[in-house]
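Asks: Respectively, the protein sequence lines represent chains A and B. With this note's numbering applied, the first sequence corresponds to residues 111 to 274, in that order. With this note's numbering applied, the second sequence corresponds to residues 4 to 117, in that order. Cβ coordinates follow ideal geometry from the N, Cα and C atoms, glycine included. Here the structure is a predicted model, which is why all the values come from computation and not from measurement.
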Amino acid sequence: MTNRVFPHPILSLFLWILWLMLNNSTAAGDIIFSLILAIVIPIFTSPYWEEKIVLHKPLLFAKFFCIVMWDILVSNIVVAKLILDKNDKLHPGFVAIDLDIKHPFGISILANTISLTPGTVSCDLTVDRKQLIVHFLDLKDPESAAQEIKNRYEKPLMEVYESC
Amino acid sequence: MFEIVLSVLILIGAFFTLVGSIGLYKLPGFYMRLHGPTKATTLGVGTILIASSIYFTVKTGSLSLHEFLIALFLFITAPVSAHLMSKVALHIGTKRVDRTQDYIDKKDDKDSLD
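Written out as C-alpha cells, the structure is:
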C-alpha cells in the first residue's frame, strides 16, 4: 500500500521540501498543495525511474556532505591563490582514476564532487564506467592524487550506495 | 553589526566571483580555463546567497530559504556543464598546454574516446 502511494519516498520528501522552499512560505495552503504534488508527481513519473532511489546510511552521507562543503571552501582559496600567482609555474595534467564504485548515481555524485573540489575537473567517463578521467590544475604526484580522491570521496560514497 | 556581517559576506562573494572571471581570462589553455568558473564562483555565489538569506530572514521576520535552492542547483549544474565541455574537448582533441602531463592509459584511451 505504501509502495503504491509513495513509490519513491525520498523523491516525495524532496519535492515537498522543494516546493515549500521555492514558495518561501509555510502557510497551510502551500503545505497541502506541496503534499499533493509530492504524492502525485512520483506516481505519474515512476515508469521513468527504473531504479529505486535509496539512501542507506543517511548519517554517513551527511558526514560526506560536510567534508565536501569544507573542501569546497578550502579549494576556493587554494584555486584563487593559484589563479592570482604566476600561471607558468602550474603543472596541469590528466589522470585516469580506476573506479571501484559501480552504482551510476554514485559515480555521478563522485564526478560532481571532483569538479567542485581542489583544482580538479572530471572530464570523461570511459564507456565501461571503470575509469574517470580527471584534469588537475596543478599535478605533482599522480599516484597520491588519485589515491586521495579514492580515499576521501569514493569510499564513503561506496558505503552509501553499494551496501544493498 | 548586522550590516558589517552582510557587507563582509558580499565582499567575499564578489572577490571570489572576480577571481573566477580573472582565471577564465588569464589561465592558458582550454582545460585550465575551465577551473576558474567551476570553482571560484561556487563560493562567490554561495556567500552572496547566504547574505541574501540572512538579510531577508531578518527583514521579513520569516525564514528565507530559497537562496539555498539556487545554491543547490548551481552546485548540480556547474560541474555538469564543465564535465560536458571537457568531454567534448577531449573527444575532438582540443589543443592542450604543452607542459600538460598525461597519465591516461593510452590503450584504454583509444576505446573510450571513440
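Locate the beta strand (DSSP E) running through isoleucine 207 (chain A), then write down its first and last residues.
Replies: Unbroken beta strand (DSSP E) run through isoleucine 207 (chain A): 203-208.
Asks: So for valine 188 (chain A), helix, strand or coil by DSSP?
Replies: Note: valine 188 (chain A) maps to helix in three-state DSSP.
Asks: What separation, rounded to the nearest whole angstrom, lies between the Cα atoms of proline 119 (chain A) and isoleucine 153 (chain A)?
Replies: Between proline 119 (chain A) and isoleucine 153 (chain A), the C-alpha separation is close to 11 Å.
Asks: Excluding the five sequence neighbours on either side, which residues of its own chain have a C-beta within less than 8 Å of the C-beta of isoleucine 224 (chain A), listed in chain order?
Replies: Excluding positions up to five away in sequence, the list reads Thr230, Val231, Ser232, Leu242, Val244, Ile259 and Tyr263.
Asks: In chain order, what residues of the same chain have a beta carbon less than 7 Å from the beta carbon of proline 82 (chain B), not counting five sequence neighbours either side?
Replies: Within the same chain, proline 82 (chain B) has close Cβ partners Thr41.
Asks: So, are the CB atoms of valine 8 (chain B) and isoleucine 57 (chain B) less than 9 Å apart?
Replies: Yes; because the gap between Cβ atoms is below 9 Å, this pair is in contact.
Asks: Look up serine 232 (chain A) in the DSSP assignment and give the residues it is bridged to.
Replies: For serine 232 (chain A), which the question treats as bridged, DSSP gives the partners A:Val244.
Asks: Whole angstroms is fine: what's the gap from leucine 46 (chain B)'s alpha carbon to alanine 85 (chain B)'s?
Replies: Roughly 16 Å between the two C-alpha positions.
Asks: Whose Cβ in chain D lies nearer than 7 Å to the Cβ of glycine 26 (chain B)?
Replies: Absent from the structure: chain D. Protein chains present are A and B.
Asks: Can you name the residues of chain B whose CB is closer than 7 Å to the CB of valine 270 (chain A)?
Replies: Near valine 270 (chain A) there are no residues of chain B at all, since even the closest Cβ is about 18 Å away, more than 7 Å.
Asks: Which same chain residues, not among the five before or five after alanine 221 (chain A), have their C-beta less than 8 Å away from its C-beta?
Replies: Excluding sequence neighbours, alanine 221 (chain A) sits near Ser232, Leu235 and Leu242.
Asks: Can at least three beta-carbon pairs, one atom from the region 64-81 of chain B and one from the region 31-39 of chain B, be found at a separation below 8 Å?
Replies: The answer is no - the region 31-39 of chain B does not touch the region 64-81 of chain B, with fewer than three Cβ pairs under 8 Å.
Asks: Among residues of its own chain, excluding the 5 on either side of serine 55 (chain B), which ones have a beta-carbon nearer than 6 Å to its beta-carbon?
Replies: Cβ within range, chain order: Glu70.
Asks: Contact check, valine 205 (chain A) vs alanine 256 (chain A) under 8 Å by CB: the rounded distance?
Replies: Yes, valine 205 (chain A) and alanine 256 (chain A) are in contact; Cβ-Cβ is about 5 Å, under 8 Å.
Asks: Shorter than 9 Å from the beta carbon of serine 144 (chain A) to some beta carbon of chain B?
Replies: Cβ-Cβ to chain B under 9 Å: no for serine 144 (chain A).
Asks: Which residues, in order along the region 217-247 of chain A, keep a beta-carbon less than 7 Å from a beta-carbon of chain B?
Replies: Hits within the stretch, in order: Ala221, Asn222, Ser225, Leu226, Gly229, Val231, Ser232, Cys233, Asp234, Thr236, Val237, Gln241, Ile243, His245 and Leu247.
Asks: State yes or no: is the beta carbon of alanine 138 (chain A) nearer than 9 Å to at least one beta carbon in chain B?
Replies: So no, alanine 138 (chain A) is outside the interface.
Asks: Kindly indicate which residue of A:Lys196, A:Ser135 and A:Asp248 has the alpha-carbon position closest to the one of isoleucine 25 (chain B).
Replies: Closest by alpha carbon: A:Lys196.
Asks: At a CB-CB cut-off below 8 Å, which residues of chain A make contact with tyrosine 58 (chain B)?
Replies: Within 8 Å Cβ-Cβ: nothing; tyrosine 58 (chain B) doesn't reach chain A, min ~13 Å.
Asks: Excluding sequence positions up to five away, which residues of its chain have a Cβ less than 8 Å from the Cβ of isoleucine 217 (chain A)?
Replies: Excluding sequence neighbours, isoleucine 217 (chain A) sits near Leu209, Ile211, Leu235, Arg239 and Leu242.
Asks: Answer with buried or exposed for lysine 110 (chain B), where buried requires no fewer than 16 other C-beta atoms within 10 angstroms of its C-beta.
Replies: Low local confidence applies: a pLDDT of 45 at lysine 110 (chain B) is under 50, so the model's placement there is unreliable, with the coordinate-based value given in what follows. So lysine 110 (chain B) counts as exposed.
Asks: Looking at the structure shown, is aspartate 198 (chain A) part of a helix, part of a strand, or coil, going by DSSP?
Replies: Of the three classes helix, strand and coil, the one that applies to aspartate 198 (chain A) here is helix, per DSSP.
Asks: For glutamine 104 (chain B), decide whether its Cβ has a neighbour in chain A, counting only Cβ atoms nearer than 9 Å.
Replies: Answer yes: the Cβ-Cβ gap between glutamine 104 (chain B) and chain A drops below 9 Å somewhere.
Asks: Less than 9 Å between CB atoms is the rule here; does phenylalanine 5 (chain B) satisfy it with respect to chain A?
Replies: Phenylalanine 5 (chain B) does not count as touching chain A.
Asks: Which residues, in order along the region 84-100 of chain B, keep a beta-carbon less than 7 Å from a beta-carbon of chain A?
Replies: Residues Ala85, His86, Ser89, Lys90, Leu93 and Val100.
Asks: If you follow the alpha helix (DSSP H) that threonine 227 (chain A) is in, where does it begin and where does it stop?
Replies: Threonine 227 (chain A) -> no alpha helix (DSSP H), and no H or E assigned at all.
Asks: Closest Cβ-Cβ distance between serine 55 (chain B) and chain A: below 9 Å?
Replies: Output row for serine 55 (chain B): interface = no.
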